[in-house]
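Protein sequences appear in the order of chains A and B. The numbering of the first sequence is our numbering, which starts it at 45 and goes up by one. The numbering of the second sequence is our numbering, which starts it at 45 and goes up by one. The beta-carbon is built from N, C-alpha and C at its ideal position, and this holds for glycine as well. Step one of this worksheet: look at the structure below.
Protein chains: 2
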Amino acid sequence: MIIGALSRGPMRFNALRRLIGGVSQRMLTLTLRGLERDGLVTRTVYPTIPPRVDYALTPIGQTLTEPLRVLSDWAMAYQSAIETAQDAYDSAQENL
Amino acid sequence: MIIGALSRGPMRFNALRRLIGGVSQRMLTLTLRGLERDGLVTRTVYPTIPPRVDYALTPIGQTLTEPLRVLSDWAMAYQSAIETAQDAYDSAQENL
DNA sequence: CCGTATCCGCACGGATACTG
DNA sequence: CAGTATCCGTGCGGATACGG
């Protein structure tokens, strides 16, 4: 989701947090550090007050947006079919 | 990896286990049950001795092979670049 | 605003033993 | 062969508090 959010341009920490939704501050930080370590995301600090930090995709990070978009499209397309299958599976398990 | 392995045709439990490698019996079973619940994989039992169980992709499961192959191709292409980035990041952390 | 530090519950997954 | 059952350590991630 971070890769997808940054695919349209750099974004600040809290903007990212609001856009993704349901992510704790801790996990967003840890995930961003991981992506930074992997060379997929850059972190730029502007020494202003209040502080400002921009996150952006590196060239390699941008190459990942397409594969992830393909996967995301698949998930959107089959989400309801999969939920239906789960319901059928679960109710079949009850009758044992 | 299970989806990728089954993309070329049905496969038995232990064949799958050997092909994937490094997966415990427990985790392979749990993962297969999850895929079955999601309607991505079918489980077929042949009541022979010794028992035989075939796993195969459902039509929906087959639609997932392409998105995953795209992602896998990306991983193969950038694996070494990412490892290099990690090494650079880690050695930069040491000097603090 | 953008984090880090600390505590803690819990569930993930390995190891092992057992079974039809 | 293809599992299930049980025990158990560890690490993930939430919650909370604090700081530049």
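Two segments are said to touch when three or more pairs of C-beta atoms, one from each, lie closer than 8 Å; by this definition the region 86 to 93 of chain B does not touch the region 85 to 104 of chain A.
For D131 (chain B), the enclosing alpha helix (DSSP H) starts and ends at P103 to E138. Under the Cβ criterion of 8 Å, G83 (chain B) is counted among the residues facing chain A. For R70 (chain B), the three-state secondary structure derived from DSSP is helix. Restricting attention to B:D82, B:S116 and B:R61, the CA atom closest to the CA of T73 (chain B) is found in B:R61. About 7 Å separates the beta carbons of G83 (chain B) and A125 (chain A), which is inside the 8 Å limit, making them a contact pair. Nearest in C-alpha terms to P54 (chain B), of all of B:E110, B:T107 and B:A100, is B:A100. Against chain B, the beta carbon of Q130 (chain A) has neighbours under 9 Å at R81, D82 and G83, listed in chain order. Between W118 (chain B) and T107 (chain A), the CB-CB gap stays under 8 Å.
In the DSSP assignment, no residue is bridged to R77 (chain B).
For the region 80 to 112 of chain B, residues whose beta-carbon sits nearer than 9 Å to a beta-carbon of chain A comprise E80, R81, D82, G83, L84, T102, I104, T107, L108, E110, P111 and L112. Residue pairing by DSSP places D98 (chain B) opposite B:R56 and B:T88 in a beta bridge. Here R81 (chain A) is not near Y122 (chain B), since their CB atoms are 8 Å or more apart.
A check of alpha carbon separations from I64 (chain A) across A:N139, A:T86, A:A49 and A:P111 identifies A:A49 as the nearest. For Q130 (chain A), the closest of B:R56, B:R77 and B:M45 by C-alpha to C-alpha distance is B:R77.
Exclusion of the five residues before and after S116 (chain A) leaves G48 as the residues of its chain whose Cβ lies within less than 8 Å of its Cβ.
Taking a contact as a CB-CB distance under 8 Å, the pair T86 (chain B) and I46 (chain B) does not count as one, their CB atoms being some 13 Å apart.
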